[in-house]
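Colleague: My questions will all concern the structure given below.
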Amino acid sequence: MKVIVIGAGIAGLATAKNLADSGWQVEVLEKFRGPRASGYMVDFFGPGYDAAEKMGVLPELQARAYSVQEVAYVNRKGHTTGRLSYARFADAVDGRLMSIMRPDLEEALRESLPASVRLRYGVTFEQIENNDNGVCVHTSDGRRVDADLVIGADGIHSAVREAVFGPESRYIDYLGFHTAAFTFEDPVMKDRVSGRFALSDTKNRQIGLYGLRDSRVAAFLIHRNASPALPANRRESLRNEFSGVGWLAPRALDQAPADLYYDVVAQIHMEQWHSGRVVLVGDACQAVSLLAGQGASLAVAGARILSNHLAESASIAEGLAAYEEQWMPVAREKQEAGRRAARWFLPSSGPELLLRRLMLKLSGLPLINRFIGTSLAGKAVPVS
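See below:
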């Protein structure tokens, strides 16, 4: 059986590994010319952690992970206004938690691919001929590739979804935020924020900083915006949006590269994830948004679930239907959790900001700590 996986991000690489390990002939197409270095830190836990363990890649992920002791909220003068212990969060998920940069997670998955997987950068599809018996993919380098299945793993703005299921506007739910991320070298700042996620204690906008290896710092930004239209000059827009935040924000923004990651915060809602011999995985069909905090985990777990059902079912059609039946309710529950988390994640008013500060002060109490931990972790999802 042959599969074409379109997209070499977390979902695509995890899918490629699982299917190759179960005997599929796998070819991965990625429109970018090489692995992407940009990205942000993710908390990796839940079903994706379990799936990574089943896949045998957990040690490689742990070797790339960062030790984080706390989340610290900081005011414009640099004073800490609240803390949340990471150890308490880890306890809520039985210690099965790591903090890892998205590019490092992709690297670990990429290096775990069997030699049989053909990974082709700088190539994408131009047309997909889709029917009940197979697919033919016309690639951008002039080939026609016949396969039994195409898997669209090309993210929230999926070109596969657009080609097979219709325009993005049918499925995207804009949540009212823009987000950005970049890394830069600054040994002084790195020492000031290492070992913790340092977040600005602000309403309607937030910048987060954390120290990486080799004197680097990772910056993550999010702000409310009524329009999903992206600005023409992203760096200038961020400087304007975060004017007055104080603390280390101006110094970080002065070092933002021109090619920084910038996108809307949104979810994808679909009634069906497959059509004929084309199926979607990861953010292409189940984007929960960074507010839910489990996008990477769900991408890895969803890839595992899809691969398991394809291996265990009597036909591809049955496998795709079983994948949707098991995994779609999980994705929808996480999406709802993401929408509920918006006020906590980014307060929109003074009272909401004060409420978050109060919750952080009370987080040391067992009942409040348990509530925060279980709210962030969500329901357990078994992955085989």
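Sequential numbering from 2 applies to the sequence shown in the working numbering.
Backbone N, C-alpha and C define an ideal beta-carbon position, used for all residues, glycine too.
A quick note: this is a predicted structure, and the numbers were derived from the prediction, not measured.
So, at 6 Å on beta carbons, what are the nonlocal neighbours of PRO258 in its own chain, with the 5 sequence-adjacent residues on each side left out?
Modeller: For the purposes of this step, residue 258 is taken as the residue at position 257 of the sequence shown. Within the same chain, PRO258 has close Cβ partners PHE183.
Colleague: For GLN128, write down the residues that DSSP places opposite it in a beta bridge.
Modeller: Stepping through the sequence shown from its first residue, residue 128 is reached at position 127. According to DSSP, which records beta bridges pairwise, GLN128 is partnered with HIS139.
Colleague: If we ignore side chains and look at the alpha-carbon of each, how far apart do LYS362 and SER350 end up?
Modeller: Here residue 362 refers to the residue found at position 361 of the sequence shown. Here residue 350 refers to the residue found at position 349 of the sequence shown. Computed Cα separation, rounded: 19 Å.
Colleague: Tell me, which residues are paired with GLN268 by DSSP?
Modeller: To locate residue 268, count along the sequence shown from 1; it is residue 267. According to DSSP, GLN268 bridges with ASP174.
Colleague: Can you tell me whether VAL189 is buried or exposed? The criterion is at least 16 other CB atoms within 10 Å of its CB, across all chains shown.
Modeller: Along the sequence shown, one-based indexing puts residue 189 at 188. Exposed, since its Cβ has fewer than 16 Cβ neighbours within 10 Å.
Colleague: Answer with buried or exposed for HIS80, where buried requires no fewer than 16 other C-beta atoms within 10 angstroms of its C-beta.
Modeller: As a working note, residue 80 is residue 79 in the sequence shown. Classification of HIS80: exposed, given that the 10 Å Cβ count is below 16.
Colleague: For TYR87, which three-state DSSP category applies?
Modeller: The count along the sequence shown starts at 1 and reaches residue 87 at position 86. It is helical.
Colleague: Three or more C-beta pairs under 8 Å: does that hold for the stretch 188 to 208 against the stretch 152 to 168?
Modeller: In short, these stretches do not touch, since the Cβ pair count stays below three.
Colleague: Within 10 Å of its beta-carbon, does MET102 have 16 or more other beta-carbons around it, so buried, or fewer, so exposed?
Modeller: Reading the sequence shown from its first residue, position 101 is the one you call residue 102. By the neighbour-count rule (16 or more Cβ atoms within 10 Å), MET102 is buried.
Colleague: Look up PHE221 in the DSSP assignment and give the residues it is bridged to.
Modeller: Numbered from its first residue, the sequence shown carries residue 221 at position 220. Partner(s): ALA182, GLY209.
Colleague: State the start and end residues of the unbroken alpha helix (DSSP H) segment that holds LYS18.
Modeller: Within the sequence shown, the letter at position 17 stands for residue 18. 11 to 22 is the span of the alpha helix (DSSP H), which, as asked, contains LYS18.
Colleague: Once you ignore the five residues that flank VAL69 on each side, which residues in its own chain have a CB closer than 8 Å to its CB?
Modeller: As a position in the sequence shown, residue 69 is number 68, starting the count at 1. Within the same chain, VAL69 has close Cβ partners TYR87, SER100, GLY196, ARG197, PHE198, TYR211.
Colleague: Where does LEU231 land, buried or exposed, given buried means 16+ other C-beta within 10 angstroms?
Modeller: Residue numbering aside, residue 231 sits at position 230 when the sequence shown is read from its first letter. LEU231 comes out exposed.
Colleague: In chain order, which beta strand (DSSP E) runs of at least 3 residues are fully inside the stretch 223 to 302?
Modeller: Runs found: 262 to 269, 279 to 281.
Colleague: Report the option in ASN19, LYS3, GLY8 whose CA atom is closest to the CA atom of SER385.
Modeller: Translated into positions along the sequence shown, residue 385 becomes position 384. Of ASN19, LYS3, GLY8, the residue nearest in Cα terms is ASN19.
Colleague: Output the distance between the C-alpha atoms of GLU337 and VAL280, rounded to the nearest integer angstrom.
Modeller: Here residue 337 is taken as the residue at index 336 of the sequence shown, counted from 1. Here residue 280 is taken as the residue at index 279 of the sequence shown, counted from 1. Each residue's alpha carbon lies about 23 Å from the other.
Colleague: Examine the Cβ distances between the stretch 294 to 312 and the stretch 216 to 233 and report whether three or more of them are shorter than 8 Å.
Modeller: Touching, no.
Colleague: Among the residues of its own chain, which have a CB less than 7 Å from the CB of TYR175, if the five just before and after it don't count?
Modeller: Indexing the sequence shown from 1 puts residue 175 at position 174. Around TYR175: PRO229, VAL265, ALA267.
Colleague: Taking the C-alpha atoms as reference points, what is the distance between VAL6 and ALA93?
Modeller: If you number the sequence shown from 1, residue 6 lands on position 5. If you number the sequence shown from 1, residue 93 lands on position 92. Each residue's alpha carbon lies about 35 Å from the other.
Colleague: With DSSP collapsed to three states, give me the class of TYR50.
Modeller: Numbered from its first residue, the sequence shown carries residue 50 at position 49. Correct three-state label for TYR50: helix.
Colleague: Using a Cβ-Cβ cutoff of less than 8 Å, which residues in the same chain neighbour LEU106 once the five nearest sequence positions on both sides are dropped?
Modeller: Numbered from its first residue, the sequence shown carries residue 106 at position 105. Counting only Cβ-Cβ distances below 8 Å, and skipping sequence neighbours, we find ILE11, VAL43, PHE45, LEU62, ARG65, ALA297.
Colleague: Beta-carbon separation of LEU284 and ALA300 under 8 Å?
Modeller: Your numbering for residue 284 matches position 283 in the sequence shown. Your numbering for residue 300 matches position 299 in the sequence shown. Sequence check: residue 284 is Asp here, not Leu. Yes, these two residues count as a Cβ contact at 8 Å.
Colleague: Please tell me whether GLY47 and VAL382 are closer than 8 Å, where the distance is taken between their beta carbons.
Modeller: Locating residue 47 in the sequence shown gives position 46, counting from the first residue. Locating residue 382 in the sequence shown gives position 381, counting from the first residue. In this structure, VAL382 lies closer than 8 Å to GLY47 by Cβ.
Colleague: Whole angstroms are fine: how far does the CA of LEU292 sit from the CA of ARG357?
Modeller: Taking the sequence shown and counting its residues from 1, the one referred to as residue 357 is at position 356. Taking the sequence shown and counting its residues from 1, the one referred to as residue 292 is at position 291. So the two alpha carbons sit approximately 15 Å from each other.
Colleague: Does DSSP put PHE45 in a helix, a strand or coil?
Modeller: Position 44 of the sequence shown holds residue 45. The answer is strand: DSSP assigns PHE45 an E or B state.
Colleague: Below 8 Å, how does it come out for the stretch 268 to 276 and the stretch 20 to 35: are there three or more Cβ pairs, yes or no?
Modeller: Because the criterion of three Cβ pairs below 8 Å is not met, the stretch 268 to 276 and the stretch 20 to 35 do not touch.
Colleague: Excluding sequence positions up to five away, which residues of its chain have a Cβ less than 7 Å from the Cβ of TRP345?
Modeller: Counting from 1 along the sequence shown, the entry for residue 345 is found at position 344. Only ARG357 meet the Cβ criterion.
Colleague: Please return the same chain residues whose Cβ sits closer than 8 Å to the Cβ of TYR172, not counting the five positions on each side in sequence.
Modeller: Translated into positions along the sequence shown, residue 172 becomes position 171. So the qualifying residues of the chain are ARG162, PHE166, ILE269, HIS270, MET271.
Colleague: In the DSSP assignment, find the unbroken alpha helix (DSSP H) run with GLU169 in it and report its ends.
Modeller: What you label residue 169 is simply residue 168 of the sequence shown in a count that begins at 1. Note, GLU169: premise wrong, no alpha helix (DSSP H); not H, not E.
Colleague: Using the three-state DSSP reduction, which class does ARG65 fall into: helix, strand or coil?
Modeller: Residue numbering aside, residue 65 sits at position 64 when the sequence shown is read from its first letter. ARG65: helix per DSSP, three-state reduction.
Colleague: Determine which residues share a DSSP beta bridge with SER201 and list them.
Modeller: In the sequence shown, residue 201 corresponds to position 200, counting from 1. DSSP output for SER201 lists VAL75 as bridge partner(s).
Colleague: How would you call GLN128, buried or exposed, if buried means at least 16 neighbouring beta carbons within 10 angstroms?
Modeller: Position 127 of the sequence shown, counted from the first residue, corresponds to residue 128. Classification for GLN128: exposed.
Colleague: If I follow the unbroken beta strand (DSSP E) through VAL29, where does it start and stop?
Modeller: The sequence position of residue 29 within the sequence shown is 28, counting from 1. 26 to 31 is the span of the beta strand (DSSP E), which, as asked, contains VAL29.
Colleague: Determine the burial state of TYR122: buried for a count of at least 16 other Cβ atoms within 10 Å of its Cβ, exposed for fewer.
Modeller: Taking the sequence shown and counting its residues from 1, one reaches residue 122 at position 121. Under this definition TYR122 is an exposed residue.
Colleague: If you measure between the beta carbons of ALA181 and LEU261, is that distance less than 8 Å?
Modeller: The residue you call residue 181 lines up with position 180 of the sequence shown. The residue you call residue 261 lines up with position 260 of the sequence shown. Going by C-beta atoms, ALA181 is nearer than 8 Å to LEU261.
Colleague: Start and end of the alpha helix (DSSP H) containing ILE157?
Modeller: Indexing the sequence shown from 1 puts residue 157 at position 156. From DSSP, ILE157 is part of no alpha helix (DSSP H); its letter is neither H nor E.
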